[in-house]
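Q: Below is the structure I would like to discuss, written out as structure tokens.
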């Protein structure tokens with residue numbers, strides 16, 4: 007006696023209704039939420055009348071053909087040059 011073979015059908019999950027529900031929930035929460043306006047902070051700004059800017063001293067770097075480095079006439083090594091320029095930029 008021969009029996010009919012039972013074939014399992016592939017079951018697929020249809021995600022189209024799920025996407026509709028997600029967008030509906032997103033739309034609902036966007037409309038239902040309250041948008042809070044941030045509070046402003048009152049600032050008392052100083053007037054700029056007394057601000058003076060000191061004139062910057064120019065830096066003259068000389069490199070000679072023999073490799074000597076001078077900063078405003080002072081002989082320095084390469085490491086000292088970078089340190090000295092950084093110190094003068096900071097205002098020390």
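Numbering (our numbering), first residue to last: 7 to 98. Note that beta-carbon positions come from the ideal geometry of N, C-alpha and C, so glycine has one too.
1) Beta strand (DSSP E) containing residue 68: first to last residue?
2) Between which two residues does the alpha helix (DSSP H) carrying residue 94 extend?
3) Would the segment 59–79 and the segment 90–98 be scored as touching if the rule is three or more Cβ pairs under 8 Å?
4) Residue 20 to residue 28, Cα distance in whole Å?
5) Looking only at its chain, what residues have a beta carbon closer than 6 Å to the beta carbon of residue 76, apart from the 5 residues adjacent to it on each side?
6) Under DSSP, the beta strand (DSSP E) around residue 118 begins and ends at which residues?
7) Can you tell me whether residue 80 is helix, strand or coil according to DSSP?
8) According to DSSP, is residue 99 helix, strand or coil?
A: Reading from the atomic positions:
1) To locate residue 68, count along the chain shown from 1; it is residue 62. Here the beta strand (DSSP E) through residue 68 covers 67–69.
2) Sequence index remark: in the chain shown, residue 94 carries index 88 (1-based). Unbroken alpha helix (DSSP H) run through residue 94: 84–96.
3) yes
4) Numbered from 1 along the chain shown, position 14 holds the residue referred to as residue 20. Numbered from 1 along the chain shown, position 22 holds the residue referred to as residue 28. When rounded, the distance between both Cα atoms is 14 Å.
5) Along the chain shown, read from residue 1 onward, the residue named residue 76 stands at position 70. So the qualifying residues of the chain are 68.
6) Nothing in the structure corresponds to residue 118, since the chain is present only between 7 and 98.
7) One-based indexing of the chain shown puts residue 80 at position 74. In the structure shown, residue 80 sits in a strand (DSSP, three-state: E or B).
8) There is simply no residue 99 to check, as the chain begins at 7 and stops at 98 in what is shown.
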